[in-house]
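Participant: Pasting in a structure now, in structure tokens, and then I'll have a few things to ask.
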Amino acid sequence: MVSTDVSVIVTYGAEIKDLTIDGENFTISENVETRIACEIAGVPKPIGRLFYNDEEKQISGNPIIYPLFSSCNDTGNYTCAAENSIGKSNQTKELFVLCSPRPVVCLQSKIAVGNDSTLEINVIFFSYPQPNISWTFSKNGSNEILRSNDTIGIYQHISSIYITDMKTSQYGVYVLQVTNGIPDDLNHTFEVLPQRQPDIPTNFSASCDAPGYANLQWVPSFHGGDTQLFKLYYAVQDREIVFIKHRIDIKEDEIELFNFERVDGLLPETSYVFKLIAYNTFGDSNYIQAYCNTTTSALEKEPNIGLYIGASIGTFSAVLSIGLIFVVIFLRRKKFQGKRSERNER
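Under full-length UniProt numbering, the sequence shown is numbered contiguously, ending at residue 346.
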């Protein structure tokens, strides 16, 4: 009897055997180290991929391991997909990260709008579980509950106040409060004002670490509801201060906290005062001043060095001349004494 070994390879389509996050708990606290694991199977060997919402995570292996340090915006759908030549499969689970309400971007504290214009306040914020939202308008000691337009997502939400044809009675303080049972709550106050001139800039300082120029910096304040520019003047500090215009068209830096400006053409070893004013189409702010003293220029230092070198050379020359005189006198005296000796011998 002849026996024959037969190797049989059974092929089957790709499948997801398991999709877990450190077990089966898909609701976790914030700031927790965890990992999402996906185990796949299939013959031929399938290709596995992991997606967060529609974003693919570049991870390979079996099981697929995706580590994360949980934050509010990790909430969403995680999909594990596998595919081979026989077929494909996928499985999706939702991850929920518990987090207190907080704004996505920094919120402004002042808003200026014109009479009969439209007031629109939009606040985008994170929160899970879903938030409770309230708006209150306060003026002259009275409070009024407002109706807001809210768009509620899984963990990212939008709350808006929209008022057309602003009237004088509608200028005041608008307070947003968002709660979801997890400390801390989101509380923010918006002061809504009529359009006006900008507030005075702050943190204005001058640095004169060089003889011919000064570096200035400041923090822009509230723009008054209109595009603001800056005027910069400077003057020598003496009995009668006369300001000279440097620039009157300096734009606000919308990216950096500070504005920076360089003033050239200054005198060395001089005390200067700088005056800064913010303005828009509604008028000028009050001014703010900064002071500094320029340093001594290199050119002014060189003559002193020259005098020192000249004095040294002069002193050396004088000493050398005196020495030569003594040598000449000594040689003449010696010669005279020699002749005198010869006469005595005769």
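Yeah, the Cβ is synthetic: ideal placement off N, Cα and C, and Gly gets one too.
With respect to the beta strand (DSSP E) encompassing Tyr155, which residues constitute its N-terminal and C-terminal limits?
Facilitator: Here the question's residue 155 lines up with position 155 in the sequence shown. In the DSSP annotation of this structure, Tyr155 is not part of any beta strand (DSSP E), being labelled neither H nor E.
Participant: For Ala206, which residues in the same chain have their Cβ closer than 6 Å to its Cβ, ignoring the five residues on either side in sequence?
Facilitator: By one-based count along the sequence shown, residue 206 stands at place 206. Non-local beta-carbon contacts of Ala206 in its own chain, meaning distances under 6 Å to residues more than five positions away in sequence, involve Ala214, Leu216, Phe274, Ala290, Cys292 in chain order.
Participant: Do the CB positions of Ala81 and Pro46 come within less than 7 Å of each other?
Facilitator: Here residue 81 refers to the residue found at position 81 when the sequence shown is read from its first residue. Here residue 46 refers to the residue found at position 46 when the sequence shown is read from its first residue. Contact flag unset, no.
Participant: Would you tell me roughly how many angstroms separate the C-alpha atoms of Phe96 and Ile28, rounded to the nearest one?
Facilitator: Here residue 96 is taken as the residue at index 96 of the sequence shown, counted from 1. Here residue 28 is taken as the residue at index 28 of the sequence shown, counted from 1. Near 6 Å, if we compare the C-alpha coordinates of Ile28 and Phe96.
Participant: Would DSSP call Ala14 helix, strand or coil?
Facilitator: Position 14 of the sequence shown, counted from the first residue, corresponds to residue 14. Three-state result, Ala14: strand.
Participant: Thinking C-beta only, is Arg196 closer than 7 Å to Phe282?
Facilitator: Translated into positions along the sequence shown, residue 282 becomes position 282. Translated into positions along the sequence shown, residue 196 becomes position 196. Their beta carbons are under 7 Å apart, which means Phe282 touches Arg196 by this criterion.
Participant: Residues in the same chain with beta-carbon distance under 7 Å from Ile329, minus the five sequence neighbours each way, listed in chain order, please.
Facilitator: The count along the sequence shown starts at 1 and reaches residue 329 at position 329. Low confidence applies here, because Ile329 scores a pLDDT of 46, under 50, leaving its location unreliable; read the following figure in that light. None.
Participant: Give me whichever residues DSSP pairs with His188 in a beta bridge.
Facilitator: Here residue 188 is taken as the residue at index 188 of the sequence shown, counted from 1. BP columns for His188 point to Leu176.
Participant: Look at the alpha carbon of Asp238 and the alpha carbon of Thr294, and state the distance between them as a whole number of angstroms.
Facilitator: The residue given as residue 238 occupies position 238 in the sequence shown. The residue given as residue 294 occupies position 294 in the sequence shown. Computed Cα separation, rounded: 15 Å.
Participant: Of all the alpha helix (DSSP H) runs that stay within the bounds of the segment 273-298, which reach a length of 4 or more residues?
Facilitator: List check, alpha helix (DSSP H) in window: nothing returned.
Participant: First and last residue of the beta strand (DSSP E) that includes Gln217?
Facilitator: The sequence position of residue 217 within the sequence shown is 217, counting from 1. Unbroken beta strand (DSSP E) run through Gln217: 213-219.
Participant: What are the uninterrupted segments assigned as alpha helix (DSSP H) that are 4 or more residues long and contained completely in the segment 100-156, given in chain order?
Facilitator: none
Participant: For the beta strand (DSSP E) that contains Ile248, what are its first and last residues?
Facilitator: Within the sequence shown, residue 248 is the residue found at index 248, counting from 1. Its beta strand (DSSP E) spans residues 244-251.
Participant: Do Thr136 and residue 363 have their beta-carbon atoms positioned less than 7 Å apart in this structure?
Facilitator: The chain is shown from 1 up to 346; residue 363 falls before or after that span and cannot be answered.
Participant: If you reduce the DSSP assignment to three classes, tell me which class Asn259 lands in.
Facilitator: Translated into positions along the sequence shown, residue 259 becomes position 259. Reduced to three states, the DSSP call for Asn259 is strand.
Participant: May I have the straight-line CA-CA distance separating residue 376 from Ser71, to the nearest angstrom?
Facilitator: Since the displayed the chain opens at 1 and closes at 346, residue 376 lies outside it and no answer follows.
Participant: Is there contact between the segment 2-17 and the segment 75-91, where contact requires at least three CB pairs shorter than 8 Å?
Facilitator: yes
Participant: What separation, rounded to the nearest whole angstrom, lies between the Cα atoms of Tyr162 and Gly181?
Facilitator: Against the sequence shown, residue 162 aligns to sequence position 162. Against the sequence shown, residue 181 aligns to sequence position 181. Those two C-alpha atoms are separated by around 27 Å.
Participant: Assign Cys106 to buried or exposed, taking buried as 16 or more other Cβ atoms, counted over all protein chains shown, within 10 Å of its Cβ.
Facilitator: As a position in the sequence shown, residue 106 is number 106, starting the count at 1. The residue is exposed, with fewer than 16 neighbouring Cβ atoms inside 10 Å.
Participant: Under 7 Å between the Cβ atoms of Tyr66 and Leu98?
Facilitator: Translated into positions along the sequence shown, residue 66 becomes position 66. Translated into positions along the sequence shown, residue 98 becomes position 98. Not a contact, by the Cβ cut-off of 7 Å.
Participant: Please list, in chain order, all residues of the same chain as residue 358 whose beta carbon is under 8 Å from its beta carbon, the five residues on each side excluded.
Facilitator: In the structure as shown, the chain begins at 1 and stops at 346. Residue 358 is therefore absent and cannot be evaluated.
Participant: Could you check if Asn25 is buried or exposed, using at least 16 other CB atoms within 10 Å of its CB as the buried criterion?
Facilitator: Taking the first residue of the sequence shown as 1, we reach residue 25 at position 25. Exposed.
Participant: According to DSSP, what are the bridge partners of Ile40?
Facilitator: Counted from its first residue, the sequence shown places residue 40 at position 40. Looking at the DSSP assignment, Ile40 forms a beta bridge with Ile16.
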